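S.K.: Taking the numbering used here, the leading residue of the sequence shown gets 11, the next gets one more, and so forth.
Below you will find the structure I want to go over with you.
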Amino acid sequence: MQDAVGGLNLLLYKYTVCHNSTNMTKISTSIIIDAPPSKVKEVFLDFKSYPSWNSFVTSIKGDSQEVGSILNVEITPPGKSKQQFKPKIVENSDTKFAWVGSLGSEYIFKGHHQYEFISVENGTKTKLVQSEDFSGILSSPLLYLVKASTLKGFENSNEDLKKKVESS
């Protein structure tokens, strides 16, 4: 049995390495927020307040916001039921926050989600870029089913953050 699992993992690894460039999909959205990046990131990192203002990412819980920490994330894509997952934080810098999550094995389905806080207009405004790179054997069929609602969820979340920041 162990040999079969090892063989399957090797096969998945070879498939992913050989097909990675054609088996990756990216979703990306952006919005301009009338506040400096430090203010936008401050509101963004206040995970406890998400249920009161974020219609897409309805909950983020975790013991830490440090790289390597695991989060408990709950999203509600428009027209879909709630989904929960446990990604690992891979970056938390002044200009970026990112996590990686997978379904089973990263060779099956993996998402690298990031938020970029880009200073524009001499630091008085922020261009928020929210994006996710999806890869793995099941990325294409799964995204076929959820890409439109996920994209709309990103857009809604961006708008929600803009409203929250600009009203503070």
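Don't be surprised by glycine CBs; every beta carbon is placed ideally from N, CA and C.
Since the model is a prediction, treat every value here as computed from it, not as a measurement.
Output the distance between the C-alpha atoms of Lys120 and Thr68, rounded to the nearest integer angstrom.
M.R.: Position 110 of the sequence shown, counting from 1, holds the residue named residue 120. Position 58 of the sequence shown, counting from 1, holds the residue named residue 68. Lys120 and Thr68: Cα-Cα distance of roughly 21 Å.
S.K.: Shortest alpha-carbon distance to Glu126 belongs to which of Tyr117, Pro97, Asn132, Thr136?
M.R.: Locating residue 126 in the sequence shown gives position 116, counting from the first residue. The candidate whose alpha carbon is nearest that of Glu126 is Thr136.
S.K.: Return the residue from the list Pro47, Glu176, Glu84 that minimises the CA-CA distance to Pro61.
M.R.: Numbered from its first residue, the sequence shown carries residue 61 at position 51. Comparing Cα-Cα distances from Pro61 to each of Pro47, Glu176, Glu84, the minimum goes to Glu84.
S.K.: Hey, how far is the Cα of Asn30 from the Cα of Lys51?
M.R.: Sequence index remark: in the sequence shown, residue 30 carries index 20 (1-based). Sequence index remark: in the sequence shown, residue 51 carries index 41 (1-based). Residue placement at Asn30 cannot be trusted, given a pLDDT of 41 that sits under 50; the coordinates are not used to answer.
S.K.: Which stretch, first to last residue, makes up the alpha helix (DSSP H) that contains Leu55?
M.R.: One-based indexing of the sequence shown puts residue 55 at position 45. No alpha helix (DSSP H) contains Leu55, which DSSP labels as neither H nor E.
S.K.: Contact check, Ser159 vs Gly111 under 8 Å by CB: the rounded distance?
M.R.: Mapped onto the sequence shown, residue 159 falls at position 149. Mapped onto the sequence shown, residue 111 falls at position 101. Not a contact, Cβ separation roughly 17 Å.
S.K.: Which residue wins for smallest C-alpha separation from Thr39, given the options Pro151, Lys174, Leu138, Leu153?
M.R.: The residue labelled residue 39 in the question sits at position 29 within the sequence shown. Of the listed residues, the one whose Cα sits closest to Thr39 is Leu138.
S.K.: In the DSSP output, which residue or residues are listed as bridge partners for Ala108?
M.R.: Numbered from its first residue, the sequence shown carries residue 108 at position 98. DSSP lists Glu101, Gln124 as the beta-bridge partner residues of Ala108.
S.K.: Near Asp143, which residues of its chain fall below 8 Å by C-beta distance, leaving aside the five closest residues on each side in sequence?
M.R.: Taking the sequence shown and counting its residues from 1, one reaches residue 143 at position 133. Excluding sequence neighbours, Asp143 sits near Met34, Thr35, Lys36, Gly121, His122.
S.K.: If you reduce the DSSP assignment to three classes, tell me which class Leu138 lands in.
M.R.: For the purposes of this step, residue 138 is taken as residue 128 along the sequence shown, with counting starting at 1. Leu138 falls in the strand class under three-state DSSP.
S.K.: Tell me whether Leu81 is buried or exposed, calling it buried when 16 or more other Cβ atoms sit within 10 Å of its Cβ.
M.R.: The count along the sequence shown starts at 1 and reaches residue 81 at position 71. It is buried - the Cβ of Leu81 has at least 16 other Cβ atoms within 10 Å.
S.K.: Might you give, ordered along the chain, the residues of its own chain that have their beta carbon closer than 6 Å to the beta carbon of Thr32, omitting 5 neighbours on each side?
M.R.: Counted from its first residue, the sequence shown places residue 32 at position 22. With a pLDDT of 45 at Thr32, under the threshold of 50, the modelled position of that residue is not reliable, and no figure is offered here.
S.K.: Per DSSP, which one or two residues make a beta bridge with Ile147?
M.R.: By one-based count along the sequence shown, residue 147 stands at place 137. DSSP output for Ile147 lists no bridge partner at all.
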